[in-house]
Amino acid sequence: MRLGVCVFSFFAARPASASELIELAERFQLQSVEADASMLASEPQRVRKLLERSGTSCVVAGGQLLQAEMESLLALAHQLKAKAVRVVLSGVLEGDRRKVDGGDWQAHLRRCAERLRQLVPMLERFGVPLAVENHQDATAEELVWLCERSGTEFVGICLDTGNPLAVLQDPVEFARSVAPFVRDVHLKDYRLLPAPQGVYLQRCPLGKGVVDFEAVLRVLTNQAPKDLTLHIELGALQKRHIRWRDPSWWDTFPPSHRDDAETLREWMGRMSKDESDKASPVEDAPQRHQESQEFAESVTFMRSVLERIGQGG
41 MRLGVCVFSF
51 FAARPASASE
61 LIELAERFQL
71 QSVEADASML
81 ASEPQRVRKL
91 LERSGTSCVV
101 AGGQLLQAEM
111 ESLLALAHQL
121 KAKAVRVVLS
131 GVLEGDRRKV
141 DGGDWQAHLR
151 RCAERLRQLV
161 PMLERFGVPL
171 AVENHQDATA
181 EELVWLCERS
191 GTEFVGICLD
201 TGNPLAVLQD
211 PVEFARSVAP
221 FVRDVHLKDY
231 RLLPAPQGVY
241 LQRCPLGKGV
251 VDFEAVLRVL
261 TNQAPKDLTL
271 HIELGALQKR
281 HIRWRDPSWW
291 DTFPPSHRDD
301 AETLREWMGR
311 MSKDESDKAS
321 PVEDAPQRHQ
331 ESQEFAESVT
341 FMRSVLERIG
351 QGG
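Just add 40 to the spot in the sequence shown (first one is 1) and you have our numbering.
Following this line, the structure appears as structure tokens:
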């Protein structure tokens, strides 16, 4: 397993270029970086040389599957010898899938499945896999269905460890379901806070929230492909409101999902009562300091987890 950094961990403290991101990875002795295509494409020759010199791997973060210019993304990834191109299925957050295709999420999934099948020849030509992220929208079962439907090893999953909570699935069980298809990992944690219609997901350093990283990584060690990239991607500064108390929130999920989520929903409700809200800093300098400190804490924590499961070094 290769521990790395995703540029989306940072807002006020975000590196200004791919070169700066690689330098950050080197400073923390990390082995991989993930950045958006626009950052990587601004200086591809230099980026490739820096990656090769430092022995750092790379994942290209693309946009939405149905909107992205996939040939240019794959060409860039091929040029950089990237391990994958990460894409998302939608712009949905907070599990609120009612906003897609007039609320017909299943129709949206079918369109995504067709797009993936169309891309197979291009993926095979470039030799770069797609990693479809659970971006607070898809369930584990839906991602597995997309991978199996594609009929190729070049369609896999980017597992975000915090985002299963947004669709009321347990992160460890989610990882167990998708593990054979995982091509990239976003290491994210959340604190749970009480919210009017359910629960808030609040950004925090890794290890300070509710995700059981040791259990997740043990699952991946046993079932996922070897040499997996694990990119620290701390959450957005804004709290995410998971509105499970709104009956219509469930409309895009199958009836069985509500039954399966009942135990987790009760647990999340209990956990949120034990936490108090903390306002996010708004001034640039304090925010930069907080982001840098949270990242450093997360690196230290993840190294300790990897050591415990025999993946250190």
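Heads up, the beta-carbon is just placed ideally off N, CA and C, and yes, glycines get one too.
Looking only at its chain, what residues have a beta carbon closer than 8 Å to the beta carbon of Asp-136, apart from the 5 residues adjacent to it on each side?
Residue numbering aside, residue 136 sits at position 96 when the sequence shown is read from its first letter. These residues qualify, in order along the chain: Arg-283, Trp-289.
What do you get for Gly-352, buried or exposed, if any count of 16 or more other CB atoms within 10 angstroms of its CB means buried?
Numbered from 1 along the sequence shown, position 312 holds the residue referred to as residue 352. It is exposed - the Cβ of Gly-352 has fewer than 16 other Cβ atoms within 10 Å.
Which of the three DSSP states, helix, strand or coil, is assigned to Cys-244?
Taking the sequence shown and counting its residues from 1, the one referred to as residue 244 is at position 204. Cys-244: coil per DSSP, three-state reduction.
Between the beta-carbon of Val-172 and the beta-carbon of Val-127, is there less than 9 Å?
Start at 1 with the first residue of the sequence shown, and residue 172 comes out as number 132. Start at 1 with the first residue of the sequence shown, and residue 127 comes out as number 87. A distance below 9 Å separates the beta carbons of Val-172 and Val-127.
Span separating the alpha-carbon of Ser-296 from that of Gly-143:
Residue mapping note: residue 296 aligns to position 256 of the sequence shown, counting from 1. Residue mapping note: residue 143 aligns to position 103 of the sequence shown, counting from 1. C-alpha separation (whole angstroms): 18 Å.
Could you check what DSSP says for Ser-94 in three-state terms: helix, strand or coil?
One-based indexing of the sequence shown puts residue 94 at position 54. Correct three-state label for Ser-94: helix.
According to DSSP, simplified to helix, strand and coil, what is Arg-358?
The shown model of the chain, from 41 to 353, leaves out residue 358, and the question about it has no answer.
Helix, strand or coil: how does DSSP classify Ser-316 here?
Numbered from 1 along the sequence shown, position 276 holds the residue referred to as residue 316. The predicted position of Ser-316 is uncertain, since its pLDDT is 48 and thus under 50; a value taken from the coordinates is nonetheless stated next. Ser-316 falls in the coil class under three-state DSSP.
Considering Pro-211, what are the terminal residues of the alpha helix (DSSP H) in which it resides?
Start at 1 with the first residue of the sequence shown, and residue 211 comes out as number 171. Note, Pro-211: alpha helix (DSSP H), 211-218.
From the DSSP output, in three-state form, read off Thr-303 for me.
As a first step, residue 303 must be located in the sequence shown, where it is residue number 263. In the structure shown, Thr-303 sits in a helix (DSSP, three-state: H, G or I).
Does the separation of the CB atoms of Leu-268 and Met-41 fall below 9 Å?
Looking up residue 268 in the sequence shown gives position 228. Looking up residue 41 in the sequence shown gives position 1. The answer is yes: Cβ separation under 9 Å.
Check whether the Cβ atoms of Ser-23 and Val-184 sit closer than 9 Å, and answer yes or no.
Outside the shown range of the chain, which is 41 to 353, sits residue 23, and nothing can be said about it.
Whole-angstrom distance between Ser-332 and Val-239, CA atom to CA atom:
Translated into positions along the sequence shown, residue 239 becomes position 199. Translated into positions along the sequence shown, residue 332 becomes position 292. Between the C-alpha atoms of Val-239 and Ser-332 there is a straight-line separation of about 27 Å.
Quick one: complete alpha helix (DSSP H) runs, 4+ long, within the segment 130-188?
145-166
Measuring only the C-alpha atoms, how far is Val-259 from Ala-65?
Reading the sequence shown from its first residue, position 219 is the one you call residue 259. Reading the sequence shown from its first residue, position 25 is the one you call residue 65. So the two alpha carbons sit approximately 26 Å from each other.
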